[in-house]
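Student:
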Amino acid sequence: MKRLIPVILLGALLVSWKPVNLGNVTKVKKGAKLVAGAAHKINEEEEYHIGRAVAANILGQYSLWRNAELTRYLNLVGRTLALRSGRPEVYGGYHFAVLDTPEVNAFSAPGGIILLTRGIVAMAADEDELAAVLAHEVQHVVAKDPLKAIRLQRLKALGTFTAGEAVGSAGGALGVFQDSVMDISGTLLQKGYSRSQEKDADLGALKLLAACGYDPKALLDMLKKVRAAEGKKKLKAFSAHPSAARRIDYVGENVAPADPANRQARDARFEKQAASR
Amino acid sequence: MKKTTIMIALLAAAMVLLAGQALVVQVLRSNLMAKPDFLSSSLAPLQKGARLERIGSEGGWYLVRSAAGVKGYVHQSAVTESKVTLGSIAPGPKGASQDELALAAKGFDEANEKKLRGSKGYNFSDLEWVMEQGAAVPAVAQFIRDGRLK
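Order-wise, the sequence lines are chains A and B.
The working numbering puts the first residue of the first sequence at 1, with every later residue one more than the last.
The working numbering puts the first residue of the second sequence at 1, with every later residue one more than the last.
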């Protein structure tokens with residue numbers, strides 16, 4: 001039997017061995033300066049922590065509207081969408097809340113913390129229009145667009161730390177963390193996403209709305225309201241770029257017809273919730 | 001004797017191959033579902049780090065067996081491939097994996113997040129209120145049914 005042991009172990013090792021890991025084992029042997037190669041890969045837990053910091057930063061600039069009933073309703077609509085999205089499960093779960101400002105805007109922090117302004121919530125005439133805004137933001141989370149706002153130089157800087165520096169003092173890493181938060185907040189609050197990111201989020205939202213049973217035309221309806229309000233001071237990034245007119249064009253070309261009676265099925269609960277605001 | 005040796009080696013290899021299809025829950029909380037659908041019933045809660053044996057896949061879901069032997073479905077976005085199996089078999093230095101090194105070096109972690117608390121421009125108090133708000137899957141399922149959604 002003793003003679004069998006090496007054979008069994010060899011067989012087990014051969015079957016389980018994955019060639020791609022050979023490189024990893026070698027790299028780990030070499031030690032601490034090897035983090036650069038993997039630095040660009042941000043995992044779920046890291047995304048969660050940077051997302052919390054970005055959301056805390058936004059909440060440092062806007063007041064939170066602690067309306068528990070509205071927030072619960074928003075979370076039910078948002079979770080309905082998230083469950084049918086391409087990324088239903090995120091590290092800390094999706095969370096939705098309202099900022100107490102008349103501005104018309106919405107923000108998606110990394111990891112699924114989505115903040116809508118009181119202005120855009122008030123603009124929605126029914127649940128499907130509210131869902132349209134949320135679907136657009138969920139699509140940004142699915143595509144990890146907020147993370148893409150981190151400037152490449154941050155990630156390059158991460159690769160210059162040794163593991164000792166990072167695990168020990170973490171001073172350098174904290175700086176990169178803060179700078180990365182500012183990169184994302186700057187994009188969300190001022191700069192805005194690229195036109196292609198916005199277009200992808202709009203087209204993805206149309207599919208997501210349809211998959212959930214919401215009327216995709218609700219996105220078109222919201223964009224028309226945004227276009228009508230364009231030029232007003234309180235209107236910000238939800239229409240930053242591309243313009244609402246341009247978005248109406250491509251959303252209109254891609255929207256599928258839906259049963260209006262189905263949309264009305266949600267009116268009672270929307271109106272009940274709206275009356276409590 | 002030779003045939004027996006080969007058969008035992010192949011059997012051991014096959015067992016390791018199956019064990020190699022291990023998954024680890026990468027989100028804080030998830031559920032083992034009865035069907036590949038969030039609206040089906042939950043068979044058991046899953047916590048971060050729970051190990052699952054992958055025995056099949058369907059759409060965006062894995063059919064898995066939990067450590068307690070319960071068979072069910074978990075969405076692919078909730079899990080990642082386990083890297084422990086190889087490390088426990090293959091010879092090599094003990095210590096941090098490549099990913100662990102990357103995580104530590106990046107500092108996108110709880111320790112650095114805590115250091116931001118109290119910094120000007122951050123409101124973690126309101127953030128905690130936001131994180132407490134949510135909707136459990138059973139409530140979402142009821143909301144979907146009531147609203148004629150799917």
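Yeah, the Cβ is synthetic: ideal placement off N, Cα and C, and Gly gets one too.
Would you grab the beta carbon distance between V98(A) and L116(A) for me? Rounded to a whole angstrom, and I think it's under 8 Å.
Tutor: 6 Å
Student: What residues of chain A sit near K3(B), judged by a beta carbon separation below 8 Å?
Tutor: Per Cβ cutoff of 8 Å: no residues; K3(B) is ~12 Å from chain A at best.
Student: Compare the Cα-Cα distances from L206(A) to each of W65(A), I58(A), A229(A) and A131(A) and report the closest residue.
Tutor: Comparing Cα-Cα distances from L206(A) to each of W65(A), I58(A), A229(A) and A131(A), the minimum goes to A131(A).
Student: Please report the residue range of the alpha helix (DSSP H) in which L220(A) lies.
Tutor: K217 to A229
Student: Name the DSSP bridge partner or partners of Q273(A)?
Tutor: According to DSSP, Q273(A) bridges with nothing at all.
Student: Can you check which of these residues, T80(B), E53(B) and G60(B), is closest to V70(B) by C-alpha distance?
Tutor: Ranking the options by Cα distance to V70(B), first place goes to E53(B).
Student: Which residue or residues does DSSP assign as beta-bridge partners of V25(B)?
Tutor: V25(B) is bridged by DSSP to V79(B).
Student: If we count the other Cβ atoms within 10 Å of its Cβ and call it buried at 16 or more, is D183(A) buried or exposed?
Tutor: Buried, by the Cβ-count rule.
Student: Looking only at its chain, what residues have a beta carbon closer than 8 Å to the beta carbon of M222(A), apart from the 5 residues adjacent to it on each side?
Tutor: M123, A124, E129, A132 and V133
Student: Consider the C-beta atom of A211(A) and the heavy atoms of the ligand GTP; say whether any pair is separated by less than 6 Å.
Tutor: This structure lacks the ligand GTP, and indeed carries no ligand of any kind.
Student: State the Cα-Cα distance for the pair A34(B) and S42(B), rounded to the nearest angstrom.
Tutor: For the pair A34(B) and S42(B), the Cα-to-Cα distance works out to about 6 Å.
Student: Considering Y48(A), what are the terminal residues of the alpha helix (DSSP H) in which it resides?
Tutor: E44 to L59
Student: Nearest CA to the CA of R277(A): which residue from P146(A), C212(A) and L70(A)?
Tutor: L70(A)
Student: Taking C-beta pairs closer than 8 Å, name the residues in chain A that V24(B) reaches, listed in chain order.
Tutor: By Cβ distance, chain A contributes nothing, its closest Cβ being about 11 Å from V24(B), past 8 Å.
Student: Which same chain residues, not among the five before or five after R263(A), have their C-beta less than 6 Å away from its C-beta?
Tutor: If we look at R263(A) and ignore the five residues flanking it on each side, its Cβ neighbours are D128 and D215.
Student: Can you give, in chain order, each stretch of the beta strand (DSSP E) that sits fully within the region 95-136 of chain A and has at least 3 residues?
Tutor: 95-99, 106-109 and 113-117
Student: Taking beta-carbon pairs under 7 Å, can you tell me which members of the region 117-131 of chain B lie near chain A?
Tutor: G121, Y122, N123, F124, D126, L127, W129, V130 and M131
Student: I want to verify the contact list: residues of chain B whose CB lies under 7 Å from the CB of E44(A), in sequence order.
Tutor: The CB of E44(A) comes closer than 7 Å to the CB of Q26 and V27 in chain B, given here in chain order.
Student: On the CB-based measure, 16 or more other CB atoms within 10 Å of its CB, does Q273(A) come out buried or exposed?
Tutor: Label assigned to Q273(A): buried.
Student: With a threshold of 8 Å, are at least 3 pairs of Cβ atoms found where one atom belongs to the region 143-155 of chain A and the other to the region 185-195 of chain A?
Tutor: yes
Student: Is there a C-beta anywhere in chain B that falls below 7 Å from the one on R257(A)?
Tutor: The sequence as given places Pro at residue 257(A); Arg does not occur at that position. No, P257(A) lies away from the interface with chain B (no Cβ there is under 7 Å from its Cβ).
Student: Based on the DSSP output, what are the partners of K232(A) in its beta bridges?
Tutor: In the DSSP output, where bridge partners are listed per residue, K232(A) has none listed.
Student: Taking Q153(A) as the reference, give the member of Q139(A), A135(A) and D179(A) with the closest Cα.
Tutor: Checked all of Q139(A), A135(A) and D179(A); the closest Cα to Q153(A) is D179(A).
Student: How big is the Cα-Cα spacing for A135(B) and Y250(A)?
Tutor: 33 Å
Student: Quick check: the Cα distance between P88(A) and Q76(B), rounded to an integer number of angstroms?
Tutor: For P88(A) and Q76(B), the distance between alpha carbons rounds to 9 Å.
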